[in-house]
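Just below is one structure, and these are the notes that go with it.
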Amino acid sequence: MSTTDLLIEIGTEELPPIALPVLSRAFTEGFRDQLKINGIGFETIESFAAPRRLALLIRSIQTRQPDQESVRRGPAVQAAFDAEGQPTKALLGFARSCGVEIDALGREETDKGRWLVYRSVTPGQETARLVPAMTEAALAGLPIPKRMRWGDRSEEFVRPVHWVCLLLGTEPVAGTVMGLSAETRTRGHRFHHPAPIAIGQASDYAGTLREQGRVEPSFERRRERIREQVMSLAASNGLRARLDPELLDEVTALVEWPQALLCKFDERFLEIPPEVLIETMQSNQKYFPVEDTTGTLQARFIVVANIESHDPDQVRAGNERVIRPRFADAAFFWSQDLKQPLESFAPRLETVVFQDKLGTQAAKCARVAQLGRDLAPTISVDPALVERAAALSKCDLMTAMVFEFPGLQGTMGRYYAERSGEDACVSAAMADQYRPRFAGDELPASPCGRALALADRLDTLVGIFGIGLRPTGTKDPYALRRASIAVLRLLIETPLDLDLRDLLERAAAGFAPGLLAEDTVDAVLNYMLERLRGYYSDQVVAIDTVESVIHTGVTNPWDLDRRIAAVTQFRRLPAADALAAANKRIRNILLKADPSDLAEGGPNPDLLADVAEQRLAERIAELGARVEPLAEARDYVAILETLAELREDVDAFFDEVMVMADDPATRRNRLQLLRSLSALFLRVADISRLQ
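Residue 345 in full-length UniProt numbering sits at position 345 of the sequence shown; the count goes up by one each step and never skips.
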């Protein structure tokens with residue numbers, strides 16, 4: 001079957017920049033699914049995404065759909081003919097439904113007998129005839145929250161569609177997509193080459209757009225081109241560009257033919273905190289800030305223009321003119337906020353609702369302050385400092401700067417606290433309370449910040465769960481998943497030797513009696529333990545290793561982490577598999593045993609008759625004594641290495657001893673022996689759960 005290349009291009013108004021990569025990937029996967037549904041083979045799909053276009057180049061696609069053979073099974077041969085060999089009603093009805101005579105039916109042998117079948121072959125269609133419908137189906141499946149119409153048309157898309165280019169090899173593909181007749185022309189850069197450009201053959205698409213249209217259609221190549229231009233321009237001026245990956249993606253989605261230019265601004269604005277300037281440049285203007293080799297922000301920035309101007313100084317001057325009033329506004333907010341100390345904003349928190357049932361931000365700060373005081377001794381920090389940090393923690397939400405730049409909450413609180421003469425630990429806590437903000441972010445560095453970060457998130461988790469607003473698979477408006485992972489990271493990675501259940505109970509005590517549901521602490525604990533499974537999954541820790549530890553009932557994340565590390569190391573030992581299997585066998589035996597045979601107490605040495613059980617009892621006692629100080633030190637690696645010495649004795653016991661003996665006393669004694677063996681391993685984990 002012959003193959004060629006297929007080009008599909010959807011030309012639009014400027015697409016939403018943040019959504020562009022998502023739309024491109026979805027378009028690619030959607031069309032791939034359509035090819036699979038229609039049975040059309042191909043080699044690869046190359047995606048293109050630019051502000052005014054989504055395109056696909058399908059390499060070596062079959063030019064014709066394979067013939068489709070269908071098989072309909074009718075009645076069994078035994079039921080198809082009567083005793084005289086005449087066709088039954090069942091057979092006649094089947095032949096009639098297939099539109100053929102009985103002679104046209106075939107027979108099929110299966111392991112369940114012989115059947116009459118009707119085989120038909122549907123000739124495959126030309127790929128060109130299927131392309132428009134497949135394209136429409138792929139576009140219909142794009143993740144577009146809100147579609148729009150344009151003009152008097154009924155079609156809907158994320159932005160108005162102005163042209164559709166379909167080309168199979170060198171041949172045009174007839175049909176309509178989004179209400180437009182397909183053509184073999186694309187459009188170049190809006191300013192450099194607005195006229196239509198003919199595409200000779202599908203594989204020429206990208207090269208033609210680059211050479212004639214002044215458009216780089218590949219998102220990846222355009223992104224790399226911007227990165228190289230920005231880095232090179234900064235380096236040639238002795239500077240270093242701040243390349244935020246998300247900003248780089250957004251700028252890539254905004255331009256078709258990138259040209260980087262170095263601009264400047266008034267150095268007096270450097271008196272403003274650098275985070276404010278960076279936020280303004282990146283979020284508002286999509287500029288790349290630059291710094292010197294020491295990391296100090298400079299009065300320069302790099303703009304990526306979407307045009308190769310004959311007079312770049314004019315483009316440069318225009319961007320410098322745009323940034324000036326934004327910086328002037330920021331300077332005004334900064335000066336106004338500094339006219340009063342940070343604590344003067346606290347009364348205004350009474351007017352800001354955190355959650356209807358849970359009260360205002362002021363009420364939340366009071367709860368966090370009390371919880372922070374309780375936690376302070378365990379984190380080795382002055383309770384008064386934590387209480388002060390909690391009282392000031394949300395004050396910057398009331399400042400003009402944070403009202404204008406919400407992303408700077410915490411950051412501005414730190415600056416204002418420092419200017420107000422607060423203790424260094426309190427000032428640092430203003431920013432630290434929000435860390436970690438995202439996966440992989442740094443943890444709070446200050447002791448006050450750790451206490452505040454923990455207390456604030458625990459209060460949110462317990463409060464929101466307690467009033468019944470628990471997150472679902474798709475909705476998590478209070479970011480409880482992120483809060484849970486932040487708490488777990490703080491406890492594990494700081495590390496902090498604190499019990500999670502105890503922390504949650506302390507947080508719950510800060511709410512008014514009767515406000516929270518009775519099962520709140522258990523519900524939050526279970527939810528957080530589920531997040532713990534995800535935390536270790538991201539670290540490529542075996543899920544059964546995590547389960548073996550969680551099933552011990554321990555709720556101290558730092559202690560759990562040490563146990564998980566120990567089990568991971570234990571699994572590398574030669575004895576690990578055999579001991580895990582033995583523990584699984586022990587668990588099954590104990591589960592099936594009569595509860596009356598499992599009364600409290602250890603095995604009676606006088607009832608140990610067989611040499612193998614005597615030897616195992618001696619070794620359990622011996623290793624139990626060695627394990628005790630290791631358990632006190634929580635040296636779980638050493639405990640499991642010690643218990644690994646039991647392998648031969650455990651194997652011998654199961655080879656030579658019948659646990660479920662007929663004699664009740666002997667049976668109970670052997671069950672007690674196995675329970676004491678299991679208890680040794682449970683000092684670390686339930687290794688019976690290891691696969």
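Beta carbons: idealized from backbone N, C-alpha and C, even for Gly.
*Is it true that the CB of Gly-440 sits closer than 8 Å to the CB of Leu-358?*
no
*Taking Pro-132 as the reference, give the member of Arg-153, Ala-104, Arg-119 and Leu-167 with the closest Cα.*
Leu-167
*Spatial neighbours of Thr-208 within its chain, please: CB distance less than 7 Å, with the 5 preceding and 5 following residues excluded, ordered by chain position.*
Residues Ile-197 and Ile-199 of the same chain have their beta carbon placed closer than 7 Å to that of Thr-208, with the five preceding and five following residues left out of the count.
_Selection from Glu-350, Val-402 and Pro-406 that minimises the alpha carbon distance to residue 746_ = Because the chain in this structure spans residues 1 to 691, residue 746 falls outside the shown range and cannot be described.
*Gln-212 versus Met-281, Pro-436, Ala-400 and His-189, residue with shortest Cα-Cα distance*: Just measuring C-alpha positions, the residue of Met-281, Pro-436, Ala-400 and His-189 sitting nearest Gln-212 is His-189.
*Mind checking Arg-73: buried by the 16 CB within 10 Å criterion, or exposed?*
exposed
*Could you tell me the boundaries of the alpha helix (DSSP H) in which Asp-5 lies?*
Unbroken run through Asp-5 is the beta strand (DSSP E), 3 to 12; no alpha helix (DSSP H).
*asked:* Check for me: the beta strand (DSSP E) holding Trp-115 runs from which residue to which?
replied: Unbroken beta strand (DSSP E) run through Trp-115: 113 to 122.
_Where Phe-511 falls: helix, strand or coil (DSSP)_ = coil
_Using a Cβ-Cβ cutoff of less than 7 Å, which residues in the same chain neighbour residue 754 once the five nearest sequence positions on both sides are dropped?_
Because the chain here runs from 1 to 691, residue 754 falls outside it and cannot be looked at.
*Leaving out five residues on either side along the sequence, give the residues of the same chain with a beta carbon under 7 Å from the beta carbon of Arg-675.*
Leu-590 and Leu-598
*Counting only runs of 4+ residues fully inside the region 261 to 348, write out the alpha helix (DSSP H) ranges in chain order.*
274 to 279 and 312 to 337
*Thr-110 lies in the beta strand (DSSP E); which residues open and close that run?*
That run of the beta strand (DSSP E) goes 106 to 110.
*Spell out the partners DSSP gives Phe-570 in its beta bridges.*
Answer is none; Phe-570 lacks a bridge partner.
_Which residues DSSP lists as bridging residue 739, in chain order_ = Outside the shown range of the chain (1 to 691) lies residue 739, about which nothing can therefore be said.
_Residue ranges of each beta strand (DSSP E) within the region 630 to 671, 3 or longer_ = Given a length threshold of 3 residues, the region 630 to 671 has no whole run of the beta strand (DSSP E) inside it.
_For Val-71, report the span of its beta strand (DSSP E) as first-last._
Run containing Val-71: 68 to 76, per the beta strand (DSSP E) assignment.
*Assign Glu-126 to one of three DSSP states: helix, strand, or coil.*
When secondary structure is reduced to three states using DSSP, Glu-126 falls in the strand class.
*Please determine if the region 77 to 86 and the region 223 to 241 are in contact, where contact requires at least 3 C-beta pairs separated by less than 8 Å.*
no
*So is Lys-264 buried or exposed if we call it buried at 16+ other beta carbons inside 10 Å?*
exposed
*Residue nearest to Thr-28 in terms of C-alpha spacing, selected from Glu-343, Gln-433, Arg-470 and Leu-139*: Leu-139
*Run through DSSP, which three-state label would Thr-186 get?*
strand
_Among the candidates Asp-311, Ile-307 and Ala-317, whose CA atom is the shortest distance from the CA of Arg-300?_
Ala-317
*Beta carbon of Pro-274 nearer than 8 Å to that of Val-381*: no
*Buried or exposed (CB count within 10 angstroms, at least 16 for buried), Arg-489*: Classification for Arg-489: buried.
*Going by alpha carbons, who is nearest to Glu-220 out of Ala-195, Ser-232 and Val-255?*
Val-255
*Hey, could you find the ends of the beta strand (DSSP E) Thr-44 is sitting in?*
44 to 50
*residue 718, buried or exposed, once every other Cβ within 10 Å from all chains shown has been counted against 16*: The displayed coordinates of the chain run from 1 to 691. Any statement about residue 718 would go beyond what the structure contains.
*Given 8 Å as the limit, is there contact between the region 332 to 346 and the region 224 to 231, that is, 3 or more CB pairs closer than that?*
Because the criterion of three Cβ pairs below 8 Å is not met, the region 332 to 346 and the region 224 to 231 do not touch.
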